[in-house]
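All letters in the sequence shown, in the order written, are residues 69 to 310 by this note's numbering.
Each residue gets a CB set at the ideal place from its N, CA and C atoms; glycine is no exception.
On a predicted model such as this, the values are computed, not experimentally measured, just so you know.
One structure is given below, encoded as structure tokens.
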Amino acid sequence: MGLSNLISRIGKIFEANSNAALDNMEDPTKMTKQAVLDLKQKLERALDAEVKLKALVIGKRTTAQQKKTEADSWGLKATQILDRVDSKQITPEDGDRLAKEALSQQQQAQQLAIRYAQEAADQQKVLDGMDAQVKKLHDMIDDAQNQAEELSARQQSADASKAVNKELSSLGTNNTKELLDRMRKKTEESEHIAQAYVELDNANKSTKDEINEVLGSSNPDADNALAALKASRANKSITDGK
């Protein structure tokens with residue numbers, strides 16, 4: 069998959085802002101995580117290519133500098149040869165021949181220095197463009213990771229909401245109402261039965277029970293006996309006092 073296609077794929081995922089759109093897609097969380105992995109792999113390859121290109125640029129610049137130094141050296145040698153001619157150390161003929169060769173080597177070295185320097189400059193432009201793409205990949209990865217976290221949280225929330233709604237929908241409003249009505253009727257029936265037992269108990273009381281209930285639970289004979297006992301004790305106290 070090319071970088072442009074990958075970016076397009078991620079863009080489609082990030083633009084899915086409605087539940088309907090999400091339902092028609094693959095798992096958005098998994099897709100986004102996979103997109104992040106794809107981007108990281110692209111970044112790794114891009115960094116590897118960038119390092120190699122950087123090494124190539126450095127090599128060409130180093131070679132260009134070496135050739136420039138070599139050209140300067142050949143130029144110095146040509147001058148030194150002419151100095152030898154002036155000092156009669158070598159003949160003019162040998163001096164001219166050797167100086168020409170030194171200048172020829174100087175020109176070749178200069179041309180190579182210019183060529184390598186130009187190649188280094190051209191490759192540097194490519195490297196600058198690649199560096200911009202690598203930075204863009206870094207930014208995309210950061211954004212994709214943030215989006216992945218957001219989508220993961222939204223997906224978890226959506227799954228939880230879906231589960232709750234599914235459970236609630238399985239109960240049904242009518243079913244719940246019918247259940248409550250049945251429970252209320254059963255409670256009312258229990259209350260009616262309890263009231264019936266009370267009324268039945270009252271209906272089955274004897275006339276004696278009704279009289280005692282009206283007059284209370286007191287026993288007249290016991291009350292009279294208690295009063296007689298108290299009177300007897302009082303009389304005995306008076307007698308003993310005499």
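Buried versus exposed, by CB contacts within 10 Å (16 or more), residue i
i	result
I126	exposed
Y265	exposed
V104	buried
T147	exposed
Q186	exposed
A216	buried
K110	buried
T100	buried
A89	Low confidence applies to A89: its pLDDT is 49, below 50, so where it sits in the model is not reliable, and the reading given next is rough at best. Flag for A89 reads exposed.
L294	exposed
L144	exposed
Q179	exposed
S305	exposed
Alpha-carbon to alpha-carbon, residue j and residue i
i	j	result
T97	M251	46 Å
Q133	A181	7 Å
I261	S225	50 Å
A139	L171	9 Å
K136	Q173	11 Å
Q176	L124	22 Å
A296	E267	42 Å
L219	G197	32 Å
D211	L247	52 Å
R113	Q102	17 Å
D106	A231	32 Å
R222	D95	12 Å
S300	D291	14 Å
P160	A167	10 Å
E259	K234	37 Å
N214	K203	17 Å
A228	K253	36 Å
A302	Q263	52 Å
E257	K298	56 Å
D249	T255	10 Å
Among the options, nearest to residue i - alpha-carbon criterion
i	options	result
L150	K136, R165 and T137	R165
K120	A231, Q192 and D289	Q192
W142	E169, D249, V232 and A293	E169
R129	A189, D227 and D291	A189
H206	L115, A302 and K298	L115
A117	A299, Q201 and S229	Q201
Own chain partners of residue i with C-beta closer than 7 Å, once the 5 adjacent residues on each side are dropped
i	result
R152	I158 and G163
K122	L195
D154	none
Residues near residue i in its chain [Cβ-Cβ closer than 8 Å; skip 5 each side]
i	result
Y184	K128, R129, T131, A132 and K135
D199	E118
N87	The predicted model places N87 with a pLDDT of 49, which falls under 50 and marks its position as unreliable; any figure quoted below should be read in that light. Within the same chain, N87 has close Cβ partners A226.
Residue i Cβ short of 8 Å to the ligand NAD heavy atom set
i	result
V119	In terms of ligand content, the structure shown is empty, and the ligand NAD therefore cannot be addressed.
Contacts around residue i, its chain only, beta-carbon distance under 6 Å, and the 5 residues preceding and following it disregarded
i	result
D289	none
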